[in-house]
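Below is one structure, written out as structure tokens; comments come after it.
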Amino acid sequence: STHYQEGDFSCTLLVILMLELIRFEPTRIVIKILDVNDNPPEIEVTSLSNTVPEGSKPGTVISLISVKDKDSGVNAKIISQILNDVPFELKPSYKENTYSVVSRGPLNREEVSSYEILIKAFDCGEPPLSALKTLNIYLSDVNDNSPHFEQKIFENAPVGTTVTKVSAIDQDEGANGEIEYSLSKTLVRNVYDIFELDRLNGKIRLKGLLNYEESETYRLDIEATDKGTPPLTSRCRVTVKVKDVNDNPPEIEVTSLSNTVPEDSKPGTVISLISVSDKDSGVNGKIISRITSDVPFELKPSYKENTYSIVTKAFLDREMTSHYEIIIQAVDCGEPPLSTVRSIQVQVSDINDNSPRFIQNPLQFYLVENNVAGASIFSVSATDNDVSENAVISYSIARLNDVTSFLNVNSENGQISALKSFDFETLKTFQFQVVASDSGSPSLSSNVTVKVFILDQNDNAPVILYPVSSNGSAEGVEEIPRNVNAGHLVTKVRAYDADIGYNGWLLFSLQQVSDHSLFGLDRYTGQIRTLRSFTETDEAEHKLVILVKDNGNVSLSATATVMVKLVEPKEAFAASDLQSSAKDDEDSHVTFYLMITLGSVSVLFIISIIVLIAMQCSKSPDYTSKYLPETNYDGTLCHSIQYRSGDKRYMLVGPRMSIGSTIARLMSVLNSCCRCCVNLYKHSYLLDQSGAVSLSLQHFEP
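All letters in the sequence shown, in the order written, are residues 1 to 702 by UniProt numbering.
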């Protein structure tokens, strides 16, 4: 059992100790209990006078109070103060923690009839504990119109505040008893700028702002004058004392500042040094500083009081935030507390930590053939999140294949120009890589694949295949009997266009004809037929000029001339026999060459099929190839090779995955063979999406 006493507080503790007995002898154990701040102060009113005459002198005792704290040491040290703005103050007594509540200036019941005094007592423990006590004081009325008195007023009183009121009495009647008040003309000039006097009721009000630091006391000489003849005057002096309040906010001074910080700075890097100060003293001069903005910086106290370092507390990234506004707030501990805010601007400097980036990869461009050599065809653009030199991008072409030899890129703006003109019939697609490099140190770069698709342009005019004269011009002569009926086929104009799509779609029209009632032309097939039977009055020879044009945006055309001669039936039969004989000879030669060609094609086809089957049998299954782009695919949806001879049609079919270069060579050989045989063939092969290649041979009627 242990008895413990601390001041007025005592307790008895029962302590049970487990000890190992070494020898038997009495042992004394002393236990010291450390105090914690767990008791708030207590305020006790020992004496109170609720009513005070309004004319009480400053220092009049209103009440007696005592404060105490059950703790000890620092935890029991108490600071007492009046919180609200009242004309009373706490005056320490001879006994510790005992105070007198005294008036600190004259009281005027006409202005304020009662006061509520709020007393606060707080100890110095950690954390501090406090207590509040409220005293209600009422003022009793007295005859307080004395000719001379003094008044205290807080320096932060606003303009228009009534300082006091003077009053004079005149025993006369009528005008002789009417009184007007005025300020004496002998006062200091600044008094007239700060105070004003109502000439009728004698109230003194603030006209300007008070400043305790400029003047603590003002003396006003008041004159009261009646309206009699002659007027009589009485004078009194009013002394106004200014009471200091917590009217000076803290001041923040930046003693050292680095406005720019690299984005790769480590946490703890010092950005700035600041110091804070307050012209007030005591509690009003104690300052608490902090950073109020949400930024990756913090205040680190220095060895000197009220001096701080601003340091980074996290890693910075300029690309996310390039600028920070650090808002520092300093607050004093006065009542009410005053604060100051200071803003510091910090720029985050860039380092080269971002590579150039293309928005899309790969890039696809479509280029119409026959472009101007040396002109810009398209451009690439990359962005870099860095700034300044780290974001200056230069472009270059990766020379990985021959196709890049006729391309050039502007290193500054990414404009790509072609050194030659492209031809769709020769090159349909190609790709290359552009490298974007920044100017940082070390330099960073990235690549983009550019895929270019050549678009067909209507740059090939139709070519007349029939009629063709011996000198190569598109002219021919057709002889028909005079007795033919309407609808007789005179001849057929044949033509082809090397372009594709609408650019290669041909239409036929009669541009010139001697008699529109005799001949008609099918606009799609080019067949010329008679529209009616011939009469004796019809001329024997007719000239027909046929216009063949394609369907391109800018249409291209060619013309053919057909001379139609009308002959008597006997002459027509003779000419027909002669032409038939010549035709049979020609057909025999053509048939001979065609048989050789078809035989060669058949042999090549059989060999190709055997080779492809062998390759398929020896090749291991590849389950991923169908998901990969074909390296030999040129990006064109369909092509066609048409060879026409007579009314026969031939077709070669094979799987897509087995065509490769063998089919390409086969097409080349086939094309050469057919060109050696006939001039009137037109090629086209169709690569459909099912993976088959179609080859057709079709003869055109001469």
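All C-beta atoms in this analysis are idealised placements derived from N, C-alpha and C, irrespective of residue type, glycine included.
Worksheet item: Are the beta-carbon atoms of V238 and L206 separated by less than 8 angstroms?
Response: no
Item to complete: Using only alpha-carbon positions, find the residue among A498, D456 and V452 that is nearest to L465.
Response: A498
Fill in: V86 (DSSP reduced to helix, strand or coil)
Taken through DSSP and simplified to helix, strand or coil, V86 comes out as coil.
Discussion item. Could you tell me the alpha carbon to alpha carbon distance between T561 and L547, rounded to whole angstroms?
Written reply: The C-alpha of L547 is placed about 9 angstroms away from the C-alpha of T561.
Practice prompt. Would you grab the beta carbon distance between V245 and I288 for me? Rounded to a whole angstrom, and I think it's under 8 angstroms.
Written response: Rounded, the Cβ-Cβ distance is 19 angstroms, inconsistent with contact.
Worksheet entry | Integer Cβ distance of N352 from N390, believed to fall under 8 angstroms | 4 angstroms
Discussion item. Quick check on this structure: which residue in V86, P569, K451 and V61 has the alpha carbon closest to the alpha carbon of R482?
Written reply: P569
Worksheet item: R342 lies in the beta strand (DSSP E); which residues open and close that run?
Response: S339 to S349
Worksheet item: If you drop the 5 nearest sequence neighbours on each side, which residues of the same chain put their C-beta closer than 7 angstroms to that of K91?
Response: Around K91, the same chain offers Y99, S100 and V102 as residues with beta carbons nearer than 7 angstroms, after the five sequence neighbours per side are excluded.
Worksheet item: Whole-angstrom Cβ separation of R235 and D221, contact assumed at under 8 angstroms?
Response: About 6 angstroms separates the CB atoms of R235 and D221; that is less than 8 angstroms, so the two are in contact.
Worksheet item: Can you name the residues that DSSP bridges to Q527?
Response: Note: Q527 sits in a beta bridge opposite K492.
Practice prompt. Output the boundary residues of the beta strand (DSSP E) element that contains I326.
Written response: Boundaries of the beta strand (DSSP E) harbouring I326: H323 to D332, taken from the DSSP string.
Worksheet item: Per DSSP, what kind of secondary structure is T404 in: helix, strand or coil?
Response: DSSP places T404 within a helical segment (H, G or I) once states are collapsed to three.
Worksheet item: Is L407 near F378, with beta carbons less than 8 angstroms apart?
Response: no
Item to complete: Kindly provide the ranges of any alpha helix (DSSP H) runs that are 4 or more residues long and lie completely inside the region 216-240, ordered along the chain.
Response: none
Worksheet item: Do the CB positions of L329 and S339 come within less than 8 angstroms of each other?
Response: Just to set this straight, residue 329 is Gln in the shown sequence, not Leu. Yes, Cβ-Cβ distance for Q329 and S339 is below 8 angstroms.
Worksheet entry | Length of the line joining the Cα atoms of Y366 and L419 | 17 angstroms
Worksheet item: What first and last residue would you give for the alpha helix (DSSP H) that runs through Y303?
Response: Unbroken run through Y303: none, as it is neither H nor E.
Discussion item. Only counting the same chain, and skipping five residues up and downstream in sequence, which positions put a Cβ closer than 7 angstroms to that of I62?
Written reply: Excluding residues up to 5 positions away in sequence, S49, V52, F88, V101, V102, S103 and I137 lie with their Cβ nearer than 7 angstroms to the Cβ of I62 in the same chain.
Discussion item. On the DSSP bridge list, what partners appear for V477?
Written reply: M563
Discussion item. So, does the region 308-315 touch the region 268-275, judging by three or more C-beta pairs under 8 angstroms?
Written reply: When Cβ pairs closer than 8 angstroms are counted between the two stretches, the region 308-315 is seen to touch the region 268-275, the count reaching three or more.
Worksheet item: Roughly how many angstroms lie between the CA atoms of V403 and A375, to the nearest whole one?
Response: 17 angstroms
Fill in: Bridge partner(s) assigned by DSSP for Q512
V545
Discussion item. Tell me which residues share the same chain as Y94 and place their Cβ nearer than 7 angstroms to its Cβ, disregarding the 5 neighbours each side in the sequence.
Written reply: none
Practice prompt. Would you mind stating whether L363 and K428 have Cβ atoms separated by less than 8 angstroms?
Written response: no
Practice prompt. Alpha carbon to alpha carbon, how far is K165 from S80? Give it in angstroms, no decimals.
Written response: 33 angstroms
Item to complete: Spatial neighbours of G487 within its chain, please: CB distance less than 7 angstroms, with the 5 preceding and 5 following residues excluded, ordered by chain position.
Response: R529 and T530
Item to complete: Can you tell me which of I119, S394 and T559 puts its alpha carbon nearest to the alpha carbon of V67?
Response: I119
Worksheet item: Going by DSSP, what residues sit across from S51 in a beta bridge?
Response: For clarity, residue 51 is Thr in the given sequence; the question names Ser instead. Its beta-bridge partners are Y138.
Fill in: As assigned by DSSP and simplified to three states, the class of L34
coil
Worksheet item: Looking only at C-alpha atoms, which of D294, V36, S443 and E335 sits nearest to P127?
Response: V36
Worksheet item: For G285, does the three-state DSSP call read helix, strand or coil?
Response: helix
Worksheet item: Should T559 and A474 be called a contact, given that it needs their Cβ atoms to be closer than 8 angstroms?
Response: yes
Practice prompt. Report the residue from K241, T426, E96 and G208 whose alpha carbon sits nearest the alpha carbon of I454.
Written response: T426
Practice prompt. Output the boundary residues of the alpha helix (DSSP H) element that contains D123.
Written response: First-last for D123: S114 to D123, but that is the beta strand (DSSP E), not the alpha helix (DSSP H).
Discussion item. Let me check understanding here. Comparing Cα to Cα, which of G174, L612, S182 and I393 lies closest to N413?
Written reply: I393
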